[in-house]
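Structure first, commentary second.
Chains as they are written, first to last, in my numbering: chain A, 122 to 480; chain B, 66 to 430.
Here it is in structure tokens:
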């Protein structure tokens, strides 16, 4: 398996880069990312907030995984923990493993981690204005990481930046290298962010609500771009979103998070056609959808997510769950397999375990 | 009191001819000046709302969709005179809002209210919930003392909050609860018409349904008329009898929700619909999308002719017809009260782009 080049590279640096990339990708049936029992707490005067609590998932090379949940569910902290970007203090990764391309990221030194981040993991955040440096031209910002991490010359980095801007669909890319972030519209700024994230041909792109601040037609443009880039360059993507529709259209697999836990995981069709965790089902039903005839009341989830300061030993969704029974309030279920069409469908629910009471 | 003044509305935009509309806009324009230089000279204007005509019937919900900067919020504010019109007419129960004296306007304000998007920014953090809800009752001198307190408790109950919450402060509440407080405050003066300006956009998904249900219940119980402004096309269809689509200050399509969503007659409506993600992977794989090219042009300098032609897929498909560049299309009926502002609306209607097939109900236990 060889990784195609990110952009049309005709320079010598490019040829060297392409060879190195092919080399990098010469790994067989190993997973790109294996996260095991990752826990990240925030230590406050009131106690430890279990923002991410024993989260486990895998990601294949080139795969797109959706990390879906509402605000406060822990999806962003999960991503920040993988990249070791959690603000410390008050946060701390208290346990777990993050094996990325064969390396346990949690054991790397700060300096080593910085190299992995710059070179192999790209980030796209919700608000491009706060993640772009307003005082540097976009050409400089895109070229900089290519110079640092790929050792490109100034001229080569500029060519690389122009190619990337073109790749992410910015018209007259070469003329815009000297422009500053404020000279771009919201959608175009997000394209610049994606160009920066892709500058070093990362193996993993973490996109945290990349289109939440954008209008729906611009969102469609950005999603189309991410889809084609990940397909073309076989970049794996973790798409963090609260929008189940986006996950349905973008991802091969989806993990649903609730109150710091992953509560359901599986192939995208299984999750949407036959959710095996009442929270997932409720999330699907609580929003008006274009594909369902309107009328009547929307199903709602009463109550609020639990306080994550020393959470109780019960199922975290139990207090709001219409299907709960005694056991749900006594013990929290584990993630266990559910028979489904696709592989690896797991859920954290007593009611849908074999012999459970939820059909 | 003036009687209902017959408007010059085109019958197709007037929803129920047998009954006088509650709210009417006619040729409504709201422009904001652009000033620049040390002399603060006016160098141009943002044409936020630029010639919009429609009416809302009593007890009707009109949805208003469009992307940011299309003018939908400004239009909503102009309808209740939180913004003054630059040109054109706004009538409420047949009375021209611009002609009202200060006192008359204040009295009229009792009849129309607004619910804002941001349940955090729109409530004064130093006031208790009781004081927030009581304020409009005091302003309009609707009740005093015990009767006022009783009314506040009644309102909180009405929106699904515990009436014992009156002495708490906004920060003690979640986003959804705060939005309920905002609804209670709007209802305090017993309005007939409420502008709901993105009322669910700031809320978590699981809470959005609660607020939509609440607004629909209240509409039923109190006979309310809504202008429901949102960029969430699915939510708008869910709650609205009719829907209007705005682009760059113009109403480009208006009609019954069922018609506007199943056979959209403006290419922009089709593009918008096709951009909305659907939480069904099978549907997502099947559907054909129109991906619009480029950004929305500036409302200070809208393109000549049809404002959408610079991004229009149909314009391209038809070989860039000249009239789209030269002649601004007016809203015209394509089928009864379904109207669109497109020279080629019939062609747009017969495309299948953008429309999502609907199932009657989710097939889920």
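Backbone N, C-alpha and C fix where the C-beta goes; we use that ideal spot for every residue, glycine too.
Quiz item: Ordered along the chain, which non-local residues of its own chain (more than five positions away) have a Cβ less than 7 Å from that of residue 199 of chain B?
Solution: Position 134 of the second chain holds residue 199 of chain B. These residues qualify, in order along the chain: 213 and 217.
Exercise. Determine the closest residue to residue 258 of chain B out of B:403, B:129, B:177 and B:96, with distance taken between C-alpha atoms.
Key: Here residue 258 of chain B is taken as the residue at index 193 of the second chain, counted from 1. Distance from the Cα of residue 258 of chain B is smallest, within the candidate group B:403, B:129, B:177 and B:96, for B:177.
Quiz item: Can you tell which of B:361, B:237 and B:379 has the C-alpha that lies nearest to the C-alpha of residue 414 of chain B?
Solution: Here residue 414 of chain B refers to the residue found at position 349 when the second chain is read from its first residue. Among B:361, B:237 and B:379, the Cα nearest to that of residue 414 of chain B belongs to B:379.
Quiz item: Should residue 405 of chain B be labelled buried (16 or more other beta-carbon atoms within 10 Å of its own) or exposed?
Solution: Numbered from its first residue, the second chain carries residue 405 of chain B at position 340. Residue burial is scored here from C-beta neighbours: residue 405 of chain B has at least 16 other C-beta atoms within 10 angstroms and is therefore classed as buried.
Exercise. Compare the C-beta of residue 310 of chain B with all C-beta atoms of chain A and state if any pair is closer than 8 Å.
Key: Here residue 310 of chain B is taken as the residue at index 245 of the second chain, counted from 1. Answer no: the Cβ-Cβ gap between residue 310 of chain B and chain A never drops below 8 Å.
Exercise. Taking only beta carbons into account, state which residues of the segment 358-392 of chain A come closer than 7 Å to chain B, listed in chain order.
Key: For the segment 358-392 of chain A, which is checked against every Cβ of chain B, the residues closer than 7 Å are 363, 364, 365, 366, 367, 369, 370, 389 and 390.
Quiz prompt | chain B contacts made by the segment 162-175 of chain A, where a contact means CB separation under 8 Å | solution = Answer set for the segment 162-175 of chain A: empty.
Quiz item: For residue 134 of chain B, which residues from the same chain have a beta carbon less than 7 Å from its beta carbon, with the 5 sequence-adjacent residues on both sides left out?
Solution: Residue 134 of chain B sits at position 69 when you count from the first residue of the second chain. Here the set comprises 361 and 364.
Practice problem: Have a look at residue 252 of chain B and residue 171 of chain B and give me their C-alpha separation to the nearest angstrom. | Solution: Walking along the second chain from the start, residue 252 of chain B turns up at place 187. Walking along the second chain from the start, residue 171 of chain B turns up at place 106. Distance between the alpha carbons of residue 252 of chain B and residue 171 of chain B is about 16 Å.
Exercise. Could you pull out every residue in the same chain whose Cβ sits closer than 7 Å to the Cβ of residue 225 of chain B, ignoring the five residues on either side in sequence?
Key: One-based indexing of the second chain puts residue 225 of chain B at position 160. Once the five neighbours on either side are set aside, the close Cβ partners of residue 225 of chain B are 245 and 279.
Practice problem: Using a Cβ-Cβ cut-off of 8 Å, state whether residue 466 of chain A counts as contacting chain B. | Solution: Walking along the first chain from the start, residue 466 of chain A turns up at place 345. No, residue 466 of chain A lies away from the interface with chain B (no Cβ there is under 8 Å from its Cβ).
Exercise. Would you please verify whether the beta carbon of residue 96 of chain B is less than 8 Å from any beta carbon of chain A?
Key: Numbered from its first residue, the second chain carries residue 96 of chain B at position 31. Closer than 8 Å: no.
Quiz prompt | Rounded C-alpha distance that separates residue 192 of chain B from residue 246 of chain A | solution = Position 127 of the second chain, counting from 1, holds the residue named residue 192 of chain B. Position 125 of the first chain, counting from 1, holds the residue named residue 246 of chain A. The C-alpha of residue 246 of chain A is placed about 35 Å away from the C-alpha of residue 192 of chain B.
Quiz item: Among the residues of its own chain, which have a CB less than 8 Å from the CB of residue 454 of chain A, if the five just before and after it don't count?
Solution: Within the first chain, the letter at position 333 stands for residue 454 of chain A. Closer than 8 Å at Cβ, skipping near neighbours: 436, 469, 470, 471 and 474.
Quiz item: Just curious, the alpha helix (DSSP H) that residue 466 of chain A is in, first and last residue?
Solution: Counted from its first residue, the first chain places residue 466 of chain A at position 345. Residue 466 of chain A: not part of any alpha helix (DSSP H); DSSP gives it neither H nor E.
Quiz item: Taking DSSP as the reference, what is the three-state secondary structure of residue 400 of chain B?
Solution: Sequence index remark: in the second chain, residue 400 of chain B carries index 335 (1-based). For residue 400 of chain B, the three-state secondary structure derived from DSSP is strand.
Quiz item: Mind checking residue 108 of chain B: buried by the 16 CB within 10 Å criterion, or exposed?
Solution: By 1-based counting over the second chain, the position of residue 108 of chain B is 43. If you draw a 10 Å sphere on the C-beta of residue 108 of chain B, you find fewer than 16 other C-beta atoms in it, and that means exposed.
Self-check item: Interface partners of residue 510 of chain A on chain B, CB under 8 Å
Solution: No statement about residue 510 of chain A is possible, as the shown extent of chain A runs from 122 to 480 and does not include it.
Quiz prompt | Any chain A beta carbon closer than 8 Å to residue 346 of chain B | solution = Looking up residue 346 of chain B in the second chain gives position 281. By this cut-off, residue 346 of chain B is an interface position.
Quiz item: Straight-line CA distance for residue 447 of chain A to residue 440 of chain A?
Solution: For the purposes of this step, residue 447 of chain A is taken as the residue at position 326 of the first chain. For the purposes of this step, residue 440 of chain A is taken as the residue at position 319 of the first chain. Near 11 Å, if we compare the C-alpha coordinates of residue 440 of chain A and residue 447 of chain A.
Quiz prompt | Own chain residues within Cβ distance below 8 Å of residue 341 of chain B, not counting five before or after | solution = The residue labelled residue 341 of chain B in the question sits at position 276 within the second chain. Result list for residue 341 of chain B: 298, 299 and 421, in chain order.
Quiz item: Of the residues that make up the segment 291-325 of chain A, which ones have a beta carbon closer than 9 Å to any beta carbon in chain B?
Solution: Of all residues in the segment 291-325 of chain A, 292, 306, 307, 308 and 309 have a Cβ within less than 9 Å of some Cβ in chain B.
Practice problem: List the residues of chain A that residue 226 of chain B touches, going by C-beta distances under 7 Å, in chain order. | Solution: Along the second chain, read from residue 1 onward, the residue named residue 226 of chain B stands at position 161. Simply none; closest approach about 13 Å.
Quiz item: If you drop the 5 nearest sequence neighbours on each side, which residues of the same chain put their C-beta closer than 7 Å to that of residue 201 of chain B?
Solution: Counting from 1 along the second chain, the entry for residue 201 of chain B is found at position 136. Correct list, in chain order: 250, 253 and 254.
Practice problem: List the residues that DSSP assigns as beta-bridge partners of residue 179 of chain A. | Solution: Reading the first chain from its first residue, position 58 is the one you call residue 179 of chain A. Beta-bridge pairing links residue 179 of chain A to A:155.
Exercise. Could you name the residues of the same chain whose beta carbon sits closer than 6 Å to that of residue 306 of chain B, not counting the 5 residues immediately before and after it, in chain order?
Key: Reading the second chain from its first residue, position 241 is the one you call residue 306 of chain B. Excluding residues within five positions, the ones whose Cβ falls inside 6 Å are 125 and 126.
Quiz prompt | Of the listed residues B:205, B:396 and B:371, nearest to residue 386 of chain B (C-alpha basis) | solution = Looking up residue 386 of chain B in the second chain gives position 321. B:371 is the residue among B:205, B:396 and B:371 whose C-alpha sits nearest the C-alpha of residue 386 of chain B.
Practice problem: Give a yes or no on whether the minimum CB-CB distance between residue 192 of chain A and chain B is below 8 Å. | Solution: Position 71 of the first chain holds residue 192 of chain A. For residue 192 of chain A, the answer is yes, since a Cβ of chain B falls inside 8 Å of its Cβ.
Quiz prompt | For residue 157 of chain B, the residue or residues it bridges with in DSSP | solution = Along the second chain, one-based indexing puts residue 157 of chain B at 92. Beta-bridge pairing links residue 157 of chain B to B:88 and B:160.
Quiz item: Under 8 Å Cβ-Cβ, which residues of chain A neighbour residue 99 of chain B?
Solution: Reading the second chain from its first residue, position 34 is the one you call residue 99 of chain B. For residue 99 of chain B, no chain A residue has a Cβ inside 8 Å of its Cβ, as the nearest lies near 18 Å away.
Practice problem: Output the boundary residues of the beta strand (DSSP E) element that contains residue 112 of chain B. | Solution: Residue mapping note: residue 112 of chain B aligns to position 47 of the second chain, counting from 1. Note, residue 112 of chain B: beta strand (DSSP E), 106-121.
Practice problem: Rounded to whole angstroms, what's the CA-CA distance from residue 247 of chain B to residue 403 of chain A? Just pull it up for me. | Solution: Taking the second chain and counting its residues from 1, one reaches residue 247 of chain B at position 182. Taking the first chain and counting its residues from 1, one reaches residue 403 of chain A at position 282. Each residue's alpha carbon lies about 25 Å from the other.
Quiz item: Shortest alpha-carbon distance to residue 256 of chain A belongs to which of A:304, A:284 and A:184?
Solution: As a position in the first chain, residue 256 of chain A is number 135, starting the count at 1. Of the candidates A:304, A:284 and A:184, the one whose C-alpha sits nearest the C-alpha of residue 256 of chain A is A:304.
Practice problem: Answer with buried or exposed for residue 201 of chain A, where buried requires no fewer than 16 other C-beta atoms within 10 angstroms of its C-beta. | Solution: Taking the first residue of the first chain as position 1, residue 201 of chain A is located at position 80. When all chains shown are included, residue 201 of chain A counts as buried.
Exercise. Tell me residue 321 of chain B's beta-bridge partners as DSSP assigns them.
Key: Here the question's residue 321 of chain B lines up with position 256 in the second chain. DSSP, once it has assigned bridges, lists B:307 as partnering residue 321 of chain B.
Quiz item: Beta-carbon of residue 415 of chain A versus every beta-carbon of chain B: anything under 8 Å?
Solution: In the first chain, residue 415 of chain A corresponds to position 294, counting from 1. For residue 415 of chain A, the answer is yes, since a Cβ of chain B falls inside 8 Å of its Cβ.
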